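Q:
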Amino acid sequence: MRIFYLSMAFCFCSLISIAQGTSGYSGTGSNINVDNYQIYWRVNPDSIDAKVPVTPLDSLAAIKGIVKIKFKTTVANVNSITFDLRNTFLVSSVVWNGAALITTPQPSASHILTIPVNIPTLGTRDSITISYAGATVLNSGSEEGFTFNNDPLVSGQSGGNAYKNTSGAGNVVYTLSESYEDRDWWPCKADMQDKADTIDITVNVPYRTNNAIAANATDTFWVASNGTLIDSTIDLSGTRFQRNRTFKYINRYPMTSYLVCLGIARYNRYYRGNVNIGGFNTPIVYYLYAGKTDYTPILTAMDKATELVAQFSLKFGDYGFPNPVKGGKHGFYEGLNGGAMGHQTFSAIATSALTTTNTLIHELVHQWFGDKVSFATWNDLWLAEGFAEYMPSLASELVTGLTLPFTTRNSLKNSATDGALQNTSTAYIPSAGIASSNTIWGGS
Numbered sequence: 095m096r097i098f099y100l101s102m103a104f105c106f107c108s109l110i111s112i113a114q115g116t117s118g119y120s121g122t123g124s125n126i127n128v129d130n131y132q133i134y135w136r137v138n139p140d141s142i143d144a145k146v147p148v149t150p151l152d153s154l155a156a157i158k159g160i161v162k163i164k165f166k167t168t169v170a171n172v173n174s175i176t177f178d179l180r181n182t183f184l185v186s187s188v189v190w191n192g193a194a195l196i197t198t199p200q201p202s203a204s205h206i207l208t209i210p211v212n213i214p215t216l217g218t219r220d221s222i223t224i225s226y227a228g229a230t231v232l233n234s235g236s237e238e239g240f241t242f243n244n245d246p247l248v249s250g251q252s253g254g255n256a257y258k259n260t261s262g263a264g265n266v267v268y269t270l271s272e273s274y275e276d277r278d279w280w281p282c283k284a285d286m287q288d289k290a291d292t293i294d295i296t297v298n299v300p301y302r303t304n305n306a307i308a309a310n311a312t313d314t315f316w317v318a319s320n321g322t323l324i325d326s327t328i329d330l331s332g333t334r335f336q337r338n339r340t341f342k343y344i345n346r347y348p349m350t351s352y353l354v355c356l357g358i359a360r361y362n363r364y365y366r367g368n369v370n371i372g373g374f375n376t377p378i379v380y381y382l383y384a385g386k387t388d389y390t391p392i393l394t395a396m397d398k399a400t401e402l403v404a405q406f407s408l409k410f411g412d413y414g415f416p417n418p419v420k421g422g423k424h425g426f427y428e429g430l431n432g433g434a435m436g437h438q439t440f441s442a443i444a445t446s447a448l449t450t451t452n453t454l455i456h457e458l459v460h461q462w463f464g465d466k467v468s469f470a471t472w473n474d475l476w477l478a479e480g481f482a483e484y485m486p487s488l489a490s491e492l493v494t495g496l497t498l499p500f501t502t503r504n505s506l507k508n509s510a511t512d513g514a515l516q517n518t519s520t521a522y523i524p525s526a527g528i529a530s531s532n533t534i535w536g537g538s
């Protein structure tokens, strides 16, 4: 999750057992429980220039996808099922009961896709497959979603400046769905009270270097995502513009939709061994943009934060995603324009924060509070952010070489104290405060 400051993060006395509704903010999928997402995406970061595609595989889309949603009905006589999807996308087909619907539904003005079905029996297991494509919306404050960008360390620019590079990391794609931007790039049931039991993620990207005649395996796009990478098949058929590579990730731990992530870049990959959690050898993986002059300070900071996987497991129970056979791993990958985000199993870290251990620790803690243990609605965001703000202080007592400056400790203490004495608000966020990601995270 994002770096976030709550003045009342530890006023637990006022936050006990607040009743919530049984559906997500948009209310979609209220008559089903999601069992599995099978996701296929085609993304080309080199179409960053005005989002114009550069290969026939990309058609006119910033992203093309096919999402199969397996579910179980929770009521009888289901006549329609709804999912979240931004209305900038064109849905090309919806398959249910083995056949494409004669009339293809499209997302509404409120970004809800309504699919007509006829499922009479409670507890029926079924599936719907949605094919879609289109341009993604531009960032708006804290509403980021799916973003094309250019590695600022290579180009000297960031914030969406779009042009091709001939060296280093070049063009990149990242996603940031918290809080409501999952719908901005894929169809899903955006409801934290209904985690998908399993998720399979397949991503197809170009296989070639910038301005190169032939692809070079050390300078091609790589995909960062949740879970265990089980395959990365290269297809060299056709012209060099048609060459592509397909990455497949599996996730067998329950996960909510906003935690699904993508990072696509010319990554240098660092495999830092394993940490033993509950008898499982959990892989440690870092992905960093190519083209840096010195990776040592980054790796040192990440390794130091990683020492806390075992330490926090002793304090709060085992790390929630330890078994690589089920998609378990721990790691950090470079992405985002600022801050960081604790995506399940793989935290995205902005270039500016790669050596900031407090940020790395904050996002690591979200694997326990936010990902493994999730809040029911965004009103209860304090559950994740409160613990994550506290843990860098605790970490300095657990791992040698980690210190939290006195000024930082004092600032956190004063913030909590002043808030308790001067404000009447609680860490619980009223409904008016969760209307958008900008109201939640303070963007503009």
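In the working numbering, the protein residues as written are 95 to 538.
Backbone N, C-alpha and C define an ideal beta-carbon position, used for all residues, glycine too.
Since the structure is predicted, the reported quantities are computational estimates derived from the model, not experimental observations.
To the nearest angstrom, how far is the alpha carbon of W476 from that of S468?
A: In the sequence shown, residue 476 corresponds to position 382, counting from 1. In the sequence shown, residue 468 corresponds to position 374, counting from 1. Approximately 11 angstroms between the Cα atoms of the pair.
Q: Which runs of the alpha helix (DSSP H) fall wholly inside the stretch 309–349 and span at least 4 residues, in chain order?
A: Qualifying alpha helix (DSSP H) stretches: none in this window.
Q: Following the continuous alpha helix (DSSP H) through A395, name the residue where it begins and the one where it ends.
A: Numbered from 1 along the sequence shown, position 301 holds the residue referred to as residue 395. Note, A395: alpha helix (DSSP H), 390–410.
Q: Quick one: what does DSSP say F469 is sitting in, helix, strand or coil?
A: One-based indexing of the sequence shown puts residue 469 at position 375. F469: coil per DSSP, three-state reduction.
Q: Exposed or buried, which one is S490 when buried takes at least 16 other CB atoms within 10 Å?
A: Residue 490 sits at position 396 when you count from the first residue of the sequence shown. Classification of S490: buried, given that the 10 Å Cβ count is 16 or more.
Q: Report, in whole angstroms, the separation of the C-beta atoms of L402 and L492, which I expect to be a contact under 8 angstroms.
A: Numbered from its first residue, the sequence shown carries residue 402 at position 308. Numbered from its first residue, the sequence shown carries residue 492 at position 398. Confirmed, Cβ separation roughly 7 angstroms.
Q: Going by alpha carbons, who is nearest to S225 out of P348, Y268, W279?
A: Within the sequence shown, the letter at position 131 stands for residue 225. Nearest of P348, Y268, W279 to S225, Cα basis: W279.
Q: Tell me the DSSP bridge mates of L430?
A: Position 336 of the sequence shown holds residue 430. Looking at the DSSP assignment, L430 forms no beta bridge with any residue, so it has no partner.
Q: Enumerate, from N- to C-terminal direction, the unbroken beta strand (DSSP E) stretches of 3 or more residues contained entirely within the stretch 145–233.
A: Listed in chain order, they are 157–167, 172–178, 184–190, 206–213, 219–228.
Q: Since V267 sits in a beta bridge, which residues does DSSP pair it with?
A: Here residue 267 corresponds to residue number 173 of the sequence shown, with the count starting at 1. Paired residue(s): F242, I358.
Q: Mind the definition here: the stretch 120–130 touches the stretch 286–301 only if three or more C-beta pairs lie below 8 angstroms; say whether that holds.
A: Enough Cβ pairs lie closer than 8 angstroms, so yes.
Q: Work out the CA separation of Y274 and I295 for me, nearest whole Å.
A: For the purposes of this step, residue 295 is taken as residue 201 along the sequence shown, with counting starting at 1. For the purposes of this step, residue 274 is taken as residue 180 along the sequence shown, with counting starting at 1. Each residue's Cα considered, the two are about 20 angstroms apart.
Q: Got a sec, what are the start and stop residues for the alpha helix (DSSP H) V459 sits in?
A: Locating residue 459 in the sequence shown gives position 365, where the first residue counts as 1. Start and end: 451–459.
Q: Which residues does DSSP pair with E237 in a beta bridge?
A: Stepping through the sequence shown from its first residue, residue 237 is reached at position 143. DSSP output for E237 lists S234 as bridge partner(s).
Q: Buried or exposed for S525, please, with buried defined as at least 16 other CB atoms from any protein chain shown within 10 angstroms of its CB.
A: For this step, residue 525 is matched to residue 431 along the sequence shown. Exposed, since its Cβ has fewer than 16 Cβ neighbours within 10 Å.
Q: Could you pull out every residue in the same chain whose Cβ sits closer than 8 angstroms to the Cβ of P210, ignoring the five residues on either side in sequence?
A: Taking the sequence shown and counting its residues from 1, the one referred to as residue 210 is at position 116. Closer than 8 angstroms at Cβ, skipping near neighbours: N173, S174, L195, P199.
Q: Counting C-beta neighbours from all protein chains within 10 Å, is the total for V137 16 or more, i.e. buried, or is it exposed?
A: Start at 1 with the first residue of the sequence shown, and residue 137 comes out as number 43. V137 is buried by the Cβ-count criterion.
Q: Could you please give the first and the last residue of the uninterrupted beta strand (DSSP E) stretch that includes A442?
A: Counting from one through the sequence shown, the residue named residue 442 turns up at place 348. Start and end: 441–443.
Q: Tell me where the beta strand (DSSP E) around N375 begins and ends.
A: Residue 375 sits at position 281 when you count from the first residue of the sequence shown. Its beta strand (DSSP E) spans residues 374–383.
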